[in-house]
Amino acid sequence: MAKSALLKSSLAKKYWMALTGLFLCLFLIGHLAGNLQLLVPDNALNFNKYALFMTTNPAVKILSYVTYISILFHSIDGAVLVFQNQAARPIKYARNNAAANSPWASRNMGILGTVILIFIVTHMVTFWAPMHFDKKMPLQTTTIDVQGQKQEFYLTTDGGYIPKAQVDQNAIIIKDRTDFYDGNAKVKIKEGYKDLYKITIAFFKDPKYGLIATILYVISMAILAFHLSHGFGSAFQSLGANNPKYNGLIRGFGKWFAILVPLLFAIIPLYIHFILKA
Amino acid sequence: MKLTLKIWRQKNAKETGKIVDYPIDGIEPDMSFLEMLDVLNEGLINKGDDPVAFDHDCREGICGMCSLFINGEAHGPDRGVTTCQLHMRMFKDGDTIFIEPFRAKAFPVIKDLVTDRSSFDRIQHAGGFISVNTSGNTIDANTIPINKHDADRSFDAATCIGCGACVASCKNSSAMLFVSAKVSQFALLPQGRIEAHDRVLNMVNQMDHEGFGNCTNTGACEVECPKGISLENIARMNREYLSASIK
Numbered sequence: 001m002a003k004s005a006l007l008k009s010s011l012a013k014k015y016w017m018a019l020t021g022l023f024l025c026l027f028l029i030g031h032l033a034g035n036l037q038l039l040v041p042d043n044a045l046n047f048n049k050y051a052l053f054m055t056t057n058p059a060v061k062i063l064s065y066v067t068y069i070s071i072l073f074h075s076i077d078g079a080v081l082v083f084q085n086q087a088a089r090p091i092k093y094a095r096n097n098a099a100a101n102s103p104w105a106s107r108n109m110g111i112l113g114t115v116i117l118i119f120i121v122t123h124m125v126t127f128w129a130p131m132h133f134d135k136k137m138p139l140q141t142t143t144i145d146v147q148g149q150k151q152e153f154y155l156t157t158d159g160g161y162i163p164k165a166q167v168d169q170n171a172i173i174i175k176d177r178t179d180f181y182d183g184n185a186k187v188k189i190k191e192g193y194k195d196l197y198k199i200t201i202a203f204f205k206d207p208k209y210g211l212i213a214t215i216l217y218v219i220s221m222a223i224l225a226f227h228l229s230h231g232f233g234s235a236f237q238s239l240g241a242n243n244p245k246y247n248g249l250i251r252g253f254g255k256w257f258a259i260l261v262p263l264l265f266a267i268i269p270l271y272i273h274f275i276l277k278a
Numbered sequence: 001m002k003l004t005l006k007i008w009r010q011k012n013a014k015e016t017g018k019i020v021d022y023p024i025d026g027i028e029p030d031m032s033f034l035e036m037l038d039v040l041n042e043g044l045i046n047k048g049d050d051p052v053a054f055d056h057d058c059r060e061g062i063c064g065m066c067s068l069f070i071n072g073e074a075h076g077p078d079r080g081v082t083t084c085q086l087h088m089r090m091f092k093d094g095d096t097i098f099i100e101p102f103r104a105k106a107f108p109v110i111k112d113l114v115t116d117r118s119s120f121d122r123i124q125h126a127g128g129f130i131s132v133n134t135s136g137n138t139i140d141a142n143t144i145p146i147n148k149h150d151a152d153r154s155f156d157a158a159t160c161i162g163c164g165a166c167v168a169s170c171k172n173s174s175a176m177l178f179v180s181a182k183v184s185q186f187a188l189l190p191q192g193r194i195e196a197h198d199r200v201l202n203m204v205n206q207m208d209h210e211g212f213g214n215c216t217n218t219g220a221c222e223v224e225c226p227k228g229i230s231l232e233n234i235a236r237m238n239r240e241y242l243s244a245s246i247k
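One line per chain: the protein sequences are D and W, in this order. Position 78 (the first sequence) corresponds to 78 in the UniProt record's numbering; numbering is contiguous. Position 241 (the second sequence) corresponds to 241 in the UniProt record's numbering; numbering is contiguous.
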C-alpha cells in the first residue's frame with residue numbers, strides 16, 4: 001500500500017515552505033501597514049496605540065504565535081532542505097554555468113533566508129523584546145502649556161493625562177510597567193502607553209549607531225526583496241498552482257510585491273534618520 | 001578546430017577521479033559532440049591509452065542514453081537537444097571545453113563519464129505504468145474518448161526520454177521534472193486515473209529513497225531539458241501528491 005508522509009517527504013517539505021512563506025508574506029503586509037504610521041507627522045500616539053493593539057489584542061496574539069511558529073518552521077524546514085540538497089550531490093561540478101538556466105535568487109534562498117533570520121532576531125531584540133519585557137521601557141509623555149507653564153504629562157489609554165510631577169513625587173506610582181496606581185499602590189487609576197515610537201526614533205537617530213543601523217536595515221530589505229522575488233511565485237508552484245492562464249498574474253504580482261514591500265519598509269528608517277527633525 | 005578538452009577520468013566506481021586535459025585538433029564544426037569524442041578516443045586507442053568511456057546509443061536524440069555535463073550545462077550550451085544532437089559549431093576554435101559526468105548521489109559514476117541511472121528505472125517500476133487486462137479481451141485504447149487538450153499534454157509529458165539532464169542541472173540534484181513527467185503522462189488520461197493516487201505516492205517515495213534532492217523551483221531543469229518538459233508537470237505532481245496524501 002502506498003504511504004504518504006505529510007511531514008517527511010520531499011513534496012511535503014515544499015508544501016510547508018510554501019504555506020509558512022505565504023503566511024509570512026501576509027504578516028509583512030500587516031507589519032508594513034503599522035510601520036508606515038511612522039511616516040505620518042506628529043503621529044507618536046497613533047503608532048503607540050498600534051503597538052499596544054499588536055501586543056494585547058487576542059486575535060492579533062494568536063496571529064503572532066502563528067507568525068513565530070511560521071518563522072521557526074520556515075527556517076528549520078529550509079535548513080533541512082539545504083542540507084539534504086547538498087548531500088544529494090556529494091561531488092560538485094568543476095564548471096557549472098548555472099546562470100544560464102536559473103535566476104541568482106532562486107539558487108541562493110538559503111543564504112538569503114539566513115541573513116533575513118539574523119535580521120529578524122536583531123530586529124526583535126531591538127524593538128520586540130523591549131516592548132514585551134523591558135521593565136524600564138519609557139511611557140509616552142506629552143508637553144502641554146498650562147497657564148503659560150510647560151508641564152509634562154503621561155498619556156493614558158482612556159485619553160486622559162497624568163502629570164509627570166505627581167509620579168516624580170510618588171503621589172502616583174507606576175506598577176507592572178504601564179499601570180498607574182495611587183500613592184499607596186492599592187488602586188489602579190489608569191494605564192499608560194509604552195513609548196515604542198520614542199525607542200524607534202532614538203534607535204535610527206542615534207548619533208553613533210543610527211547611520212549604520214539605517215544602512216543595515218536597508219541592506220536587509222534588499223535581501224528580503226531577492227528572497228521574495230523567488231519565494232512568492234515559488235510558493236504557488238509548490239502548492240501546485242501553475243496554470244499558464246494565471247501565471248502572468250501570479251508572477252507579476254509577486255514581482256511587484258517583492259519590490260514594493262521591502263522598498264516601503266526601507267523608506268521608514270531612511271526618513272527617520274535623514275529627514276525627520278528630532 | 002583546435003580545442004582543449006578537460007575531461008573527468010575515473011577508473012571505476014570506487015576510485016576517485018580527476019579532470020584530465022586533452023588537446024585535440026582537426027575537429028570539423030559539422031561533427032556532433034559525440035563524433036568529436038569518437039575522434040579523441042581513436043587517437044587514445046592508437047596511442048595505446050584507455051579511451052574515454054561515455055554513454056551513447058541511438059545518436060538521434062530519442063533514446064536518452066547520452067548525457068554529459070558540457071561547459072557547465074547538461075547536454076551542453078544548445079537548447080532542446082541531447083549531446084548527440086549538439087554540434088561542434090556551437091563552439092569556437094581554441095575553446096576549452098569541460099566534460100563531466102551528470103553529478104548526483106543517485107547517479108553514481110561507473111567509469112569516466114558513464115553514470116548508473118538505474119535509480120530512474122526503479123522509480124518507474126514503483127508506479128510508472130498502468131495495469132491492463134491482457135487475458136484476451138483487452139480494450140483498445142482508442143475506444144475511450146479523450147479530449148484533445150489532455151491528450152496533447154499527456155503526450156508532451158510522455159516525450160521525456162529519462163536522460164537525467166533535469167537531475168544534472170538542478171542545484172539540488174532533484175528528479176522532480178522526470179518523476180512529474182511520468183506521473184503526468186498517466187494522470188492526464190482516464191486509463192491512468194485508476195492507479196493515480198498510489199502511483200504518485202509510490203513514485204515520490206522511491207524518488208526520495210534513491211537520494212535525489214528536493215525541488216526549490218529554480219526552473220533550471222525546464223531550461224536544460226532536451227525535450228522541453230514543462231514545470232507545469234511538477235505543479236501537477238504536487239497537486240496529485242497532496243490530494244493523494246490527504247485522502
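Beta carbons: idealized from backbone N, C-alpha and C, even for Gly.
Exercise. What is the rounded straight-line gap between the Cα of M1(D) and the Cα of D95(W)?
Worked result: Position 1 of the first sequence, counting from 1, holds the residue named residue 1(D). Position 95 of the second sequence, counting from 1, holds the residue named residue 95(W). Confidence is the limiting factor: at M1(D) the pLDDT is only 39, short of 50, which leaves the residue's position unreliable, though a coordinate-based value still follows. M1(D) and D95(W): Cα-Cα distance of roughly 54 Å.
Exercise. Would a check of beta-carbon distances place S32(W) closer than 8 Å to chain D?
Worked result: Along the second sequence, read from residue 1 onward, the residue named residue 32(W) stands at position 32. By this cut-off, S32(W) is not an interface position.
For this session: Starting from A225(D), find everything on chain W with Cβ-Cβ shorter than 8 Å and list it in chain order.
Result: Residue numbering aside, residue 225(D) sits at position 225 when the first sequence is read from its first letter. From the beta-carbon of A225(D), no residue of chain W is found nearer than 8 Å; the closest lies around 18 Å away.
For this session: Let me know if F204(D) comes out buried or exposed under the rule of 16 or more other beta-carbons within 10 Å of its beta-carbon.
Result: Position 204 of the first sequence, counting from 1, holds the residue named residue 204(D). The residue in question, F204(D), is buried, as its Cβ has 16 or more Cβ neighbours within 10 Å.
Exercise. Residues in its own chain within less than 7 Å of I259(D) by CB, not counting five upstream and five downstream?
Worked result: Residue numbering aside, residue 259(D) sits at position 259 when the first sequence is read from its first letter. The residues are A225.
For this session: Classify D150(W) as helix, strand or coil using the three-state DSSP reduction.
Result: In the second sequence, the residue the question calls residue 150(W) occupies position 150. DSSP places D150(W) in helix when its eight states are reduced to three.
Exercise. Using a C-beta to C-beta distance shorter than 9 Å, which residues of chain D count as neighbours of V223(W)?
Worked result: The residue you call residue 223(W) lines up with position 223 of the second sequence. Chain D residues near V223(W): A100, N101 and S102.
Exercise. How many angstroms separate the CA atom of E35(W) from the CA atom of E222(W)?
Worked result: Within the second sequence, numbered from 1, the residue matching residue 35(W) stands at position 35. Within the second sequence, numbered from 1, the residue matching residue 222(W) stands at position 222. Distance between the alpha carbons of E35(W) and E222(W) is about 27 Å.
Exercise. Are the Cβ atoms of residue 265(W) and C166(W) separated by less than 8 Å?
Worked result: Because chain W here runs from 1 to 247, residue 265(W) falls outside it and cannot be looked at.
Exercise. So, helix, strand or coil for F212(W), using DSSP?
Worked result: Along the second sequence, one-based indexing puts residue 212(W) at 212. DSSP places F212(W) in coil when its eight states are reduced to three.
For this session: Measure the alpha-carbon distance for C163(W) versus D25(W) and round it to whole angstroms.
Result: Stepping through the second sequence from its first residue, residue 163(W) is reached at position 163. Stepping through the second sequence from its first residue, residue 25(W) is reached at position 25. If you take the alpha carbons of C163(W) and D25(W), they lie about 29 Å apart.
Exercise. Going along chain D in order, which residues have a C-beta closer than 8 Å to the C-beta of K2(W)?
Worked result: What you label residue 2(W) is simply residue 2 of the second sequence in a count that begins at 1. Chain order gives no chain D residues near K2(W), where near means a beta carbon separation below 8 Å; the closest approach is about 20 Å.
Exercise. Taking the alpha-carbon positions, what's the G211(W) to V52(W) distance?
Worked result: Position 211 of the second sequence, counted from the first residue, corresponds to residue 211(W). Position 52 of the second sequence, counted from the first residue, corresponds to residue 52(W). Whole-angstrom Cα-Cα distance: 27 Å.
Exercise. What three-state label does DSSP hand Q237(D) in the structure shown?
Worked result: Taking the first residue of the first sequence as 1, we reach residue 237(D) at position 237. Helix at Q237(D).
Exercise. Around the Cβ of F155(W), are there at least 16 other Cβ atoms within 10 angstroms (buried) or fewer (exposed)?
Worked result: Here residue 155(W) refers to the residue found at position 155 when the second sequence is read from its first residue. So F155(W) counts as exposed.
Exercise. What is the DSSP secondary structure of P130(D), counted as helix, strand or coil?
Worked result: The residue you call residue 130(D) lines up with position 130 of the first sequence. It is helical.
Exercise. Looking at the structure shown, is M1(D) part of a helix, part of a strand, or coil, going by DSSP?
Worked result: Numbered from 1 along the first sequence, position 1 holds the residue referred to as residue 1(D). In this prediction, M1(D) has a pLDDT of 39, which is less than 50 and means its spatial position is unreliable; nothing more can be read from the coordinates.
Problem set entry | Classification of G240(D) by the beta-carbon crowding that lies within 10 angstroms, buried from 16 upward | Here residue 240(D) refers to the residue found at position 240 when the first sequence is read from its first residue. Result: buried.
Exercise. Taking 8 Å as the CB-CB limit, is A266(D) close to chain W?
Worked result: Indexing the first sequence from 1 puts residue 266(D) at position 266. It does not: the Cβ of A266(D) has no partner Cβ on chain W nearer than 8 Å.
Exercise. Between the region 202 to 217 of chain W and chain D, which residues of the former have a C-beta closer than 9 Å to a C-beta of the latter?
Worked result: N202, V204, N205, M207, D208, G211, F212, G213, N214, C215, T216 and N217
Exercise. Are the beta-carbon atoms belonging to A98(D) and K171(W) less than 8 Å from one another?
Worked result: As a first step, residue 98(D) is located in the first sequence; it is residue number 98 there, counting from the start. As a first step, residue 171(W) is located in the second sequence; it is residue number 171 there, counting from the start. Going by C-beta atoms, A98(D) is nearer than 8 Å to K171(W).
Exercise. Taking P226(W) as the reference, which of N46(W), R9(W) and T83(W) has the closest Cα?
Worked result: Against the second sequence, residue 226(W) aligns to sequence position 226. Nearest of N46(W), R9(W) and T83(W) to P226(W), Cα basis: T83(W).
Exercise. What does S234(D) reach in chain W if we use C-beta pairs closer than 8 Å?
Worked result: Sequence index remark: in the first sequence, residue 234(D) carries index 234 (1-based). Those are T216 and N217, listed as they occur along chain W.
For this session: Please determine if the region 9 to 29 of chain W and the region 231 to 248 of chain D are in contact, where contact requires at least 3 C-beta pairs separated by less than 8 Å.
Result: no
For this session: For G43(W), I'd like the list of residues in its chain whose CB is within less than 8 Å of its CB, leaving aside the five on either flank, ordered along the chain.
Result: Translated into the one-based positions of the second sequence, residue 43(W) becomes position 43. So the qualifying residues of the chain are I24.
For this session: Put Q84(D) into one of helix, strand or coil per three-state DSSP.
Result: Within the first sequence, the letter at position 84 stands for residue 84(D). Here DSSP, grouped into helix, strand and coil, assigns Q84(D) to helix.
Exercise. Under a CB-based cut-off of 8 Å, is L113(W) close to chain D?
Worked result: Reading the second sequence from its first residue, position 113 is the one you call residue 113(W). For L113(W), the answer is no, since every Cβ of chain D falls outside 8 Å of its Cβ.
Exercise. Sorted by chain position, which residues of the same chain lie with C-beta nearer than 6 Å to C169(W)'s C-beta, five sequence neighbours on each side aside?
Worked result: Position 169 of the second sequence, counted from the first residue, corresponds to residue 169(W). The question names Cys, yet the displayed sequence has Ser at residue 169(W). In the same chain as S169(W), and ignoring 5 residues on each side of it, the C-beta atoms closer than 6 Å to its own belong to A74, A220, C221 and E224, in chain order.
Exercise. Which whole-angstrom value describes the C-beta separation of K111(W) and N41(W), a residue pair presumed to lie in contact below a C-beta threshold of 8 Å?
Worked result: Taking the second sequence and counting its residues from 1, the one referred to as residue 111(W) is at position 111. Taking the second sequence and counting its residues from 1, the one referred to as residue 41(W) is at position 41. The Cβ separation is near 13 Å, so there is no contact.
Exercise. Mind listing which residues of the region 244 to 263 of chain D have their C-beta closer than 7 Å to chain W's C-betas, in chain order?
Worked result: none
Exercise. So what does V20(W) bridge to, in DSSP terms?
Worked result: On the second sequence, residue 20(W) is found 20 positions in, with the first residue counted as 1. According to DSSP, V20(W) bridges with I7(W).
Exercise. Quick one, which of A196(W), G213(W) and A181(W) has its alpha-carbon nearest A235(W)'s?
Worked result: As a first step, residue 235(W) is located in the second sequence; it is residue number 235 there, counting from the start. When only C-alpha atoms are compared, the closest one is A181(W).
For this session: Report the partner residues of V146(D) according to the DSSP bridge assignment.
Result: Taking the first sequence and counting its residues from 1, one reaches residue 146(D) at position 146. Beta-bridge pairing links V146(D) to Q149(D).
Problem set entry | Start-to-end residues for the alpha helix (DSSP H) that takes in T82(W) | As a working mapping, residue 82(W) is identified with position 82 in the second sequence. That residue, T82(W), is in no alpha helix (DSSP H); it is neither H nor E in DSSP.
Exercise. Mind pulling the chain D residues with CB within less than 8 Å of I19(W)?
Worked result: For the purposes of this step, residue 19(W) is identified with residue 19 of the second sequence, where counting begins at 1. Under the 8 Å cutoff, chain D gives A94.
Problem set entry | Min CB distance E15(W) to chain D below 8 Å | If you number the second sequence from 1, residue 15(W) lands on position 15. For E15(W), the answer is no, since every Cβ of chain D falls outside 8 Å of its Cβ.
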